[in-house]
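Just so you know, we're using the UniProt record's numbering here: the sequence shown kicks off at 1 and counts up by one.
Glycine residues also receive a C-beta, built at the ideal position from the N, C-alpha and C atoms.
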Amino acid sequence: MVGLPARGKSYLVKMLVRYLSWIGFPTRIFNVGELRRRRGLAGATAEFFANTQEARNERERLAMLCQEDMYAWLDGQPSSCVAIFDATNTTVARREALARRCAEAGGDVSLVFVESICDDPVVLERNYRMKLQNADYKGTDPASALADFVRRVEEYESRYETIDDGEESAYVKLINVGEKVITRRCSGYLTSHLSFFLGNVHIAPRRIWLALHGESRAQVEGAQVGAISGGLTARGQVFAKRLAAFVSEAHAKFRADFGLGDEALVVLTGNAPIHGETVRPLLQGARRGDGLASEPAVLTSSLLNELCGGDFDGLSAAEFVERYPQIWQKRMADKLRFRYPGAGGESYLDVIARLRPILIELERQKRSVLLVSHLAVQRCLYSYFTGTDIEAIPYLPLPSGAVLELTPTPHGTTVETHVLLADDEVVEATSPVTPLAPPSDTPPLARKRRQRPAVSPHHSVATPPAHFRGRVGSDDLDVASVGSLGALLRASTIDEDAAS
């Protein structure tokens, strides 16, 4: 990392750790300031950061110690990984020293600098206030702490040298957290991912609401539990109506709290009919003018459809266990990596890979988003925002009949669960909902490749590890051939042809 204090480096570091870990690269932070505090120098005043020979020597000594810790960790990793050297690194001399040490490690280590520049006074003021909460200012009068921190920044500013093409290393330069992005020599697989991700992050206030689809008739009929078709049950219809009311009210309150006017909601769903039926009351209310303030932008994609069971689509859990016990055991031994046999069969890691464009879209969006999906997809996306360990993803006990309200912040993502339909609530039977059909002039996003039987169970019969025990779904549903994330569709567009 490169940049003056309070320029958003820590925010970017946390986002990078979350993203890189989610796409499969073990990632660890090596923070020089934390090392300094662990070595008894917590509470260092601005004098420690002065441009004196003694202060410079001590700072360089700590930086090099932290760097050696980093290389020791890299050497011990069995596969591709990422180490983030989190310090100011504001001089050419320091960056040249880092580049020389990288060259000594051989061709197995690549170096890329990420510089964060910020001159937005509103953002800087907020960042300065946040810095006063770290261990250096514990128990210090806030006014005195702020004055000392300002002096610390001034010491760095007096010798700050921004990175440029005169240095030979690859770099990504962010100005005002995504307002402008400059990249150089970011052509490798990982560095290109990193630069593209950083080019889409921002700090605009927003909410993300995650909801599972409403209960379907196929779910309660047994053999087709968890199917992507079959229409909503009475419980499913009640949940869809309550989801519409909740999101309309929550979105209105959020816009009022942040002065966002009539900013439209974005709705993301898979292209299974059950997804369209779940969001139908929300869309109808917006058209009538008794729900959302404006009609939402709706984006449907088969990328958001459920994990594909390959040749095993259509089996119930009981049938799976009885007819294919060895394959069932393999799956339960490693749900994260187990890939279903047959055309289109997927693992959780496959789902994560295909969700990357969706994840970038969620990070890019400055508007609030409602995302309706099946269980495996929601688990994968929820794990990204909460920083859940990748091994735990298949066992996350996410609730049905509820909305997960995510609020991204500089410190991470806060999560609030809103139960809209309790498991023990009795719902009266009502007429089925007619699935939404796409308008005749709207091409489908995906074409089905072959007919598949109904899909497998929504709730797994297997028992997860005790520390993940809860309501766990089987996440074995069908996925249509991958379509384009492409253009925003009209609010009424749900692609039935993509569901099999």
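**Prompt:** Leaving out five residues before and five after F338 in sequence, what residues of the same chain have Cβ atoms less than 7 Å from its Cβ?
**Reply:** For the purposes of this step, residue 338 is taken as residue 338 along the sequence shown, with counting starting at 1. Result list for F338: K330, R331, S347, in chain order.
**Prompt:** At which residues does the alpha helix (DSSP H) containing P330 begin and terminate?
**Reply:** Here residue 330 is taken as the residue at index 330 of the sequence shown, counted from 1. Going by the sequence as given, residue 330 is Lys instead of Pro. Counting along the chain, the alpha helix (DSSP H) containing K330 begins and ends at 325 to 333.
**Coil, strand or helix - D478 by DSSP** = As a first step, residue 478 must be located in the sequence shown, where it is residue number 478. Note that D478 scores a pLDDT of 27, beneath 50, so its modelled location is shaky; the value from the coordinates is reported in the next line. DSSP places D478 in coil when its eight states are reduced to three.
**Message:** Suppose you measure from the CA of E47 to the CA of V13; what does that come to, to the nearest Å?
**Reply:** Within the sequence shown, residue 47 is the residue found at index 47, counting from 1. Within the sequence shown, residue 13 is the residue found at index 13, counting from 1. Answer to the nearest angstrom: the Cα atoms are 26 Å apart.
**Request:** Return the CA-CA distance between R287 and P281, expressed in angstroms with no decimal places.
**Result:** Locating residue 287 in the sequence shown gives position 287, where the first residue counts as 1. Locating residue 281 in the sequence shown gives position 281, where the first residue counts as 1. Whole-angstrom Cα-Cα distance: 10 Å.
**Nearest to Q378 (by Cα), restricted to the options P394, Q365, A250, L292** = Counted from its first residue, the sequence shown places residue 378 at position 378. The shortest C-alpha separation from Q378 is found at P394.
**Prompt:** Could you give the uninterrupted runs of the beta strand (DSSP E) lying entirely in the segment 204 to 259, keeping only those of 3 residues or more?
**Reply:** 208 to 212
**Prompt:** Within the chosen definition, does the segment 131 to 138 reach the segment 105 to 121 through at least 3 CB pairs nearer than 8 Å?
**Reply:** no
**Request:** Determine the direct distance from the alpha carbon of P399 to that of V247, and round the result to whole angstroms.
**Result:** Locating residue 247 in the sequence shown gives position 247, where the first residue counts as 1. Locating residue 399 in the sequence shown gives position 399, where the first residue counts as 1. Their backbone Cα atoms lie some 17 Å apart in a straight line.
**Item:** First and last residue of the uninterrupted alpha helix (DSSP H) at T191
**Value:** In the sequence shown, counting from the first residue as 1, residue 191 sits at position 191. First-last of the alpha helix (DSSP H) with T191: 189 to 198.
**Prompt:** Where does Y19 sit, in a helix, a strand or coil, going by DSSP?
**Reply:** Taking the first residue of the sequence shown as 1, we reach residue 19 at position 19. Correct three-state label for Y19: helix.
**Message:** Alpha carbons only, please: which of H213, D257, A252, F258 is nearest the one belonging to G236?
**Reply:** Here the question's residue 236 lines up with position 236 in the sequence shown. The residue with the shortest Cα to Cα distance from G236 is H213.
**Message:** Quick check on DSSP: helix, strand or coil for K9?
**Reply:** Working through the sequence shown from its first residue, we reach residue 9 at position 9. K9: helix per DSSP, three-state reduction.
**Item:** Residues that DSSP places opposite H202 in a beta bridge
**Value:** Position 202 of the sequence shown, counted from the first residue, corresponds to residue 202. For H202, which the question treats as bridged, DSSP gives no partner whatsoever.
**Prompt:** By how many angstroms is the C-alpha of A252 removed from the C-alpha of R206?
**Reply:** On the sequence shown, residue 206 is found 206 positions in, with the first residue counted as 1. On the sequence shown, residue 252 is found 252 positions in, with the first residue counted as 1. Whole-angstrom Cα-Cα distance: 12 Å.
**Request:** Spatial neighbours of Y160 within its chain, please: CB distance less than 7 Å, with the 5 preceding and 5 following residues excluded, ordered by chain position.
**Result:** Within the sequence shown, the letter at position 160 stands for residue 160. Excluding residues within five positions, the ones whose Cβ falls inside 7 Å are L4, T90.
**Message:** If I measure Cβ to Cβ from E168 and keep anything under 8 Å in the same chain, skipping five residues before and after, which residues do I get?
**Reply:** For the purposes of this step, residue 168 is identified with residue 168 of the sequence shown, where counting begins at 1. Excluding positions up to five away in sequence, the list reads A99.
**Prompt:** Closest to T191 by CA distance: which of L381, G259, S80, G387 is it?
**Reply:** For this step, residue 191 is matched to residue 191 along the sequence shown. The shortest Cα separation from T191 among L381, G259, S80, G387 belongs to S80.
**Message:** Judging by CA-CA distance, which residue of L359, S316, F385, A293 is the nearest neighbour of E405?
**Reply:** Sequence index remark: in the sequence shown, residue 405 carries index 405 (1-based). When each option's Cα is compared against that of E405, the closest is F385.
**Prompt:** Rounded C-beta distance between I117 and L174? I'm assuming under 8 Å.
**Reply:** Translated into positions along the sequence shown, residue 117 becomes position 117. Translated into positions along the sequence shown, residue 174 becomes position 174. The Cβ separation is near 7 Å, so the contact holds.
**Asked** Helix, strand or coil for L174 per DSSP?
**Response** Reading the sequence shown from its first residue, position 174 is the one you call residue 174. It is a strand residue.
**Asked** DSSP puts R28 in a beta bridge; with which residues?
**Response** On the sequence shown, position 28 is the one that residue 28 refers to. Answer by DSSP bridge pairing, in chain order: A83.
**Prompt:** Which value, in whole angstroms, describes the spacing of the CA atoms of P408 and V172?
**Reply:** Position 408 of the sequence shown, counted from the first residue, corresponds to residue 408. Position 172 of the sequence shown, counted from the first residue, corresponds to residue 172. Taking the straight line from one Cα to the other gives about 23 Å.
**Request:** Give me whichever residues DSSP pairs with I163 in a beta bridge.
**Result:** Locating residue 163 in the sequence shown gives position 163, counting from the first residue. Its beta-bridge partners do not exist; DSSP assigns none.
**Asked** Looking at C-alpha atoms only, which residue of G43, F196, A240, Y324 is the closest neighbour of V372?
**Response** Taking the sequence shown and counting its residues from 1, one reaches residue 372 at position 372. If we check each option's Cα against that of V372, A240 comes out closest.
**Asked** How is S301 classed by DSSP in three states: helix, strand or coil?
**Response** One-based indexing of the sequence shown puts residue 301 at position 301. S301: coil per DSSP, three-state reduction.
**Message:** Using only the alpha-carbon positions, how far apart do L420 and A402 sit?
**Reply:** Position 420 of the sequence shown, counting from 1, holds the residue named residue 420. Position 402 of the sequence shown, counting from 1, holds the residue named residue 402. So the two alpha carbons sit approximately 5 Å from each other.
**Request:** Please state whether DSSP places D441 in a helix, a strand or coil.
**Result:** Indexing the sequence shown from 1 puts residue 441 at position 441. A caution first: D441 carries a pLDDT of 36, below 50, which makes its placement in the model too unreliable to give a value.
**Message:** Is it buried or exposed, G166, if we count other Cβ atoms within 10 angstroms and call 16 or more buried?
**Reply:** As a position in the sequence shown, residue 166 is number 166, starting the count at 1. Under this definition G166 is an exposed residue.
**Item:** Short Cβ contact (8 Å threshold) for A211 with E306
**Value:** Within the sequence shown, residue 211 is the residue found at index 211, counting from 1. Within the sequence shown, residue 306 is the residue found at index 306, counting from 1. No.
**Asked** How many whole angstroms separate the CB atoms of I360 and N200, which I take to be in contact at a CB cut-off of 8 Å?
**Response** Position 360 of the sequence shown, counted from the first residue, corresponds to residue 360. Position 200 of the sequence shown, counted from the first residue, corresponds to residue 200. Confirmed, Cβ separation roughly 5 Å.
**Request:** Using 10 angstroms around the beta-carbon of Y189, count the other beta-carbons present and answer buried if the total reaches 16, otherwise exposed.
**Result:** Working through the sequence shown from its first residue, we reach residue 189 at position 189. Label assigned to Y189: exposed.
**Request:** Report buried or exposed for G289, applying the criterion of at least 16 other Cβ atoms within 10 angstroms of its Cβ.
**Result:** Here the question's residue 289 lines up with position 289 in the sequence shown. Under this definition G289 is an exposed residue.
**Request:** May I ask you to report which of helix, strand or coil DSSP gives L349?
**Result:** Counting from one through the sequence shown, the residue named residue 349 turns up at place 349. Looking at L349 - three-state DSSP - the assignment turns out to be helix.
**Item:** Where the beta strand (DSSP E) through T140 begins and ends
**Value:** Residue 140 sits at position 140 when you count from the first residue of the sequence shown. Taken as a continuous stretch (DSSP letters only), T140 belongs to no beta strand (DSSP E), as it is neither H nor E.
**Prompt:** CB R101 to CB L265, shorter than 8 Å?
**Reply:** In the sequence shown, the residue the question calls residue 101 occupies position 101. In the sequence shown, the residue the question calls residue 265 occupies position 265. Cβ distance not < 8 Å, so R101 and L265 don't count as in contact.
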